[in-house]
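Input: a single structure, listed below in structure tokens.
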Amino acid sequence: MRVLVAIILLAACLNGCSNVDDANYRDYFSATAVDGKTRHYVYNTVTKEEGEVYNNKAIRRISKISKNRIELVEYTYLTDYDTTIRVDSTIMEMRKDGIYVIKSFINGGDDWQQLSMKSTLSFPYNWEKARDVFTSWKSTYKGEPMESSGEQAFKGCQERNVTGYGKVNVAIREGVQKRIYKGETITSSIEKWDVKGLGLYRYKSITGESSYEMEYECEISKEDYEGYLIRR
């Protein structure tokens, strides 16, 4: 792949995802980071826990809030209850070497609750295969301290048929997340798929016998997005 077979192959390596060495995450992140246009998305979610299966929807918004910062906000729409609840909100900053998480919030009940964390590199622009990226944060949940740490690595690209985009190269990230709560350590294996221009297409988490999977359905209008938010 790295001999001068054709200029087209060279351009593909520079501008997209090499299936050998690295991925250019400038391309595999949301186009909002480039053009500043706010976008709204719906994802289908499937939660499996203790033999039960729950089908809901994740409602996501990504917007540019300053020259170098973007905000990602996610809600869950509980289809059986026609109710929307907060999930998380993250402010990210574009720097020379990649995209950093600056602030992050979770559902605090009556409002958003900010996590205690340091600024962390989340997406290196040139993400070499097998390079680990680490995260950690602290918070409280129902009055009890909770800690989380994780790592993920770029595992390469694979061609996939994906909703709304057809057959494309998907950049795959895999990792592990650990949470400590009430003296118990909970470990989850994580897999993420990223698509050019969209960013996150698929997220899957497996924790013991339980699992959570979120997969892109479609982009929606601002009006439809706000329609979900009033169902609270």
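FYI, the numbering for the sequence shown is 1330 to 1561, going by this note's numbering.
From the three backbone atoms N, C-alpha and C, an ideal C-beta is built for every residue, glycine too.
Bear in mind the structure is a predicted one, so any value in this text is a computation, not a measurement.
Please classify residue i as buried or exposed, where buried requires at least 16 neighbouring CB atoms within 10 angstroms.
i, result
"residue 1383", "exposed"
"residue 1389", "buried"
"residue 1338", "Residue placement at residue 1338 cannot be trusted, given a pLDDT of 33 that sits under 50; what the coordinates show is reported in the next sentence. Burial call: exposed."
"residue 1463", "exposed"
"residue 1399", "buried"
"residue 1486", "buried"
Consult DSSP for residue i and reduce its assignment to one of helix, strand or coil.
i, result
"residue 1557", "helix"
"residue 1361", "helix"
"residue 1538", "coil"
"residue 1379", "coil"
"residue 1511", "coil"
Figure out for me which residue from the options has the closest Cα to the Cα of residue i.
i, options, result
"residue 1482", "1425, 1452, 1502", "1502"
"residue 1500", "1474, 1530, 1443", "1530"
"residue 1373", "1505, 1367, 1387, 1454", "1387"
"residue 1409", "1385, 1371, 1484, 1391", "1385"
Output the distance between the C-alpha atoms of residue i and residue j, rounded to the nearest integer angstrom.
i, j, result
"residue 1437", "residue 1364", "32 Å"
"residue 1518", "residue 1549", "30 Å"
"residue 1554", "residue 1403", "11 Å"
"residue 1525", "residue 1351", "14 Å"
"residue 1458", "residue 1561", "42 Å"
Ignore the nearest five residues each way along the sequence and tell me which others in residue i's own chain have a CB closer than 6 Å to its CB.
i, result
"residue 1557", "1388, 1406, 1413"
Using C-beta distances below 7 Å, list every residue in its chain close to residue i, excluding the 5 sequence neighbours before and after it, in chain order.
i, result
"residue 1358", "1428, 1452, 1528"
"residue 1468", "1435, 1442, 1444, 1445, 1475"
"residue 1504", "1479, 1480, 1481, 1482, 1519"
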